[in-house]
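*Asks:* Following this message is one structure expressed as structure tokens.
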Amino acid sequence: MGVDNVNKAIDRTLRNTVHREIGCFTDEVNKAEKIYFLTTVSSKRIATFFDSIKALPLSENRSDITDRDLLIVFDSELNGNSRFYDLAASFKNSSGHVAGIVVDRKLDYIAYVDELLGININQADIEKYEVDQIFGKTVDVLLDEVDKKVLHFEAK
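My numbering applies: residue 7 is where the sequence shown begins, and numbers increase by one.
This is the structure:
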């Protein structure tokens, strides 16, 4: 087997892995009845995505969360975020589901996340560019893929 064939196999494997991870994240979105979100970044693409799935910002603990509800967290922080911790923990403890796209997989609230897409940013890139810039653009690209698989809730 030639080097080119091995590289093509590796590329296919990576693409399949990314598509599987996006598929798992999308499954959470598709099966949710109500969707809420928390985010540390803002972009027109992110706003369009949240609008398309009729997601509402979560700014306080809610008592009406059910096991059919989803909280989506987009977090570019490299350190803990106590507000996100409190809201994610409360949401999960109220039987809701939590899906996240994060930079730091060691954040204290990750234990409450059911579906995690971790974005690994090279340390040299962190030092050269702003984390929010890299994270935001990466999320934009991921959302393009998620959007292809999300059932937009026109019928609900």
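We put the CB at the ideal spot given by N, CA and C, even for glycine.
If you count every other CB in all the chains shown that lies within 10 Å of the CB of G102, and 16 or more means buried, which is it?
*Replies:* By the neighbour-count rule (16 or more Cβ atoms within 10 Å), G102 is buried.
*Asks:* Secondary structure at A95, three-state DSSP: helix, strand or coil?
*Replies:* If DSSP states are grouped into helix, strand and coil, A95 belongs with the helices.
*Asks:* Can you tell me where the alpha helix (DSSP H) with V152 in it begins and where it stops?
*Replies:* Start and end: 137-153.
*Asks:* Take D150 as the anchor and find which of L122, G124, G29 has the nearest alpha-carbon.
*Replies:* Comparing Cα-Cα distances from D150 to each of L122, G124, G29, the minimum goes to G29.
*Asks:* Within 7 Å of any Cβ in chain B, is that where the Cβ of G124 sits?
*Replies:* In the structure shown, chain B cannot be found, because there is only a single protein chain.
*Asks:* Mapping DSSP to helix, strand and coil, what is A53?
*Replies:* Reduced to three states, the DSSP call for A53 is helix.
*Asks:* Alpha carbon to alpha carbon, how far is V108 from N126? Give it in angstroms, no decimals.
*Replies:* Distance between the alpha carbons of N126 and V108 is about 9 Å.
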